[in-house]
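Mapped onto UniProt numbering, the consecutive letters of the sequence shown carry residue numbers 1 to 263. The beta-carbon is built from N, C-alpha and C at its ideal position, and this holds for glycine as well.
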Amino acid sequence: MSNDTVLWEIDRRGVATVTLNRPKVNNAYNGDLIQGLHDAMDSLGAESNLRIVVLRGNGRHFQAGADLSWITAVAKQSPAENEKVSRLTAEAVKRLDTCPVPTLALIQGGCFGGGTGIAAACDVVVAQEDALFSISETRWGLMAGIILPQLCQAIGLRQTRRYALTGERFGAHEARRLGLVHEVCPVGGLAEAGEKIVESVLMNAPRATTATKLRSLASARAFIDDGELRDLIDEHARTRQQDEATEGLASFTEKRKPAWYPG
């Protein structure tokens, strides 16, 4: 099943695979891909035998953040439309974060911006040695607001402050040291490493697994309430329409340094 930008299937064991499918743009997210994630979660949520969701990215890269040409077009639309886009994006991450069955991300190549949010929202993350990460929104005059709660839970405030404020890129082993990634495997070894995780989950009682996940989130105060979610959405939408975002996105298109870079 698919909407072309997201593919999903479930096997007889109850193992669902959700595949981001915009390889020509490194699986950068746009409105279609966000809706595809919602469609996949709606469809899989109706499956009575669902045991685990595995997230993958087609092509060389897992997920390269936002499609900046799409972001530029959205920014020119009304505040209401920008709020709608931010809400759909935030709700997709929240739904993944609170999915009642375990989630597993298998990451190769680039995992930037929103991709790091997807990784942080998953229960288990395996990355190839060639994986490369960055929380890159501020480079383009944007902000990672709607994924910051998950990032702070995954790697802690101290490391989020470094990498969200510098936009530095870091490799798979550093991601593992930080806690964003649980396991690093050789290039070409994602399927094998992922299947070991899947088999471990399938050995466990389904209802007990769900209860353990949801109680863990509650104990860590990791659920985002409606008020906080609304604030995150509002700020995320406003930032996209401010002068810094206009300049940052223009610098990307024109392949130059942004105006705020000294000299």
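task = Could you name each continuous alpha helix (DSSP H) segment of 4 residues or more that falls completely within the region 72-154, going from the start of the chain to the end?
result = 79-97, 114-121
inquiry  = Do G36 and A64 have their beta-carbon atoms positioned less than 8 Å apart in this structure?
reply    = no
inquiry  = Suppose the cutoff is 8 Å on Cβ atoms and the five residues either side in sequence are ignored; what does the same chain contact list for D123 look like?
reply    = P102, T103, L104, K213
task = Mind the definition here: the region 239-252 touches the region 138-148 only if three or more C-beta pairs lie below 8 Å; say whether that holds.
result = yes
query = Residues in its own chain within less than 7 Å of L7 by CB, not counting five upstream and five downstream?
reply = T19, N21
inquiry  = Comparing C-alpha positions only, which one of R56, T17, A46, E235 sits nearest to residue 285?
reply    = The shown model of the chain, from 1 to 263, leaves out residue 285, and the question about it has no answer.
key: Integer-rounded CB distance, given that L151 should sit under 8 Å from G117   = 7 Å
request  = Mind checking who I10 pairs with in its DSSP beta bridge?
outcome  = A16
key: Pick from P23, A172, H38 that is closest to L88, judged by C-alpha positions   = H38
V25 beta carbon less than 8 Å from that of V198 = no
query = Could you give the uninterrupted runs of the beta strand (DSSP E) lying entirely in the region 184-223, keeping only those of 3 residues or more?
reply = none
query = beta strand (DSSP E) containing R56: first to last residue?
reply = 52-57
message = So the candidates are A259, K257, K84, L202; which of them puts its Cα closest to the Cα of I52?
response = L202
task = Answer with buried or exposed for V126, where buried requires no fewer than 16 other C-beta atoms within 10 angstroms of its C-beta.
result = buried
ask   = If you draw a straight line from the alpha carbon of I10 to that of S200, how long is it in whole angstroms?
value = 18 Å
query = Taking the DSSP output, what are the residues bridged to F62?
reply = Partner(s): none; F62 has no beta bridge.
ask   = Considering only residues of the same chain and omitting the five flanking positions on each side of A121, which have a CB-CB separation below 6 Å?
value = V93, L96, D97, Q150
message = For G31, report the span of its alpha helix (DSSP H) as first-last.
response = 31-45
request  = Reducing DSSP to helix, strand and coil, say where G167 ends up.
outcome  = coil
Q77 and Q108 closer than 8 Å at C-beta = no
key: Residue-level contact to chain C via CB, T5, 8 Å cutoff   = Chain labels in this structure do not include chain C; a single protein chain is all it has.
key: Simplified DSSP assignment, three categories, for Q241   = coil
inquiry  = By the DSSP assignment, the alpha helix (DSSP H) with L178 in it spans what residues?
reply    = 172-178
ask   = Looking only at its own chain, which residues have a Cβ that is under 6 Å from the Cβ of I135, when we skip the five neighbours before and after it?
value = T116, A144, Y163, A164
ask   = With a Cβ-Cβ cutoff of 8 Å, do A175 and G113 count as a contact?
value = no
query = Just checking my contact of residue 286 with V184 at CB under 8 Å: how many whole Å lie between their CB atoms?
reply = Limits of the chain in this structure are 1 at one end and 263 at the other, which puts residue 286 out of reach.
key: Burial state of L157, where buried means 16 or more other Cβ atoms lie within 10 Å   = exposed
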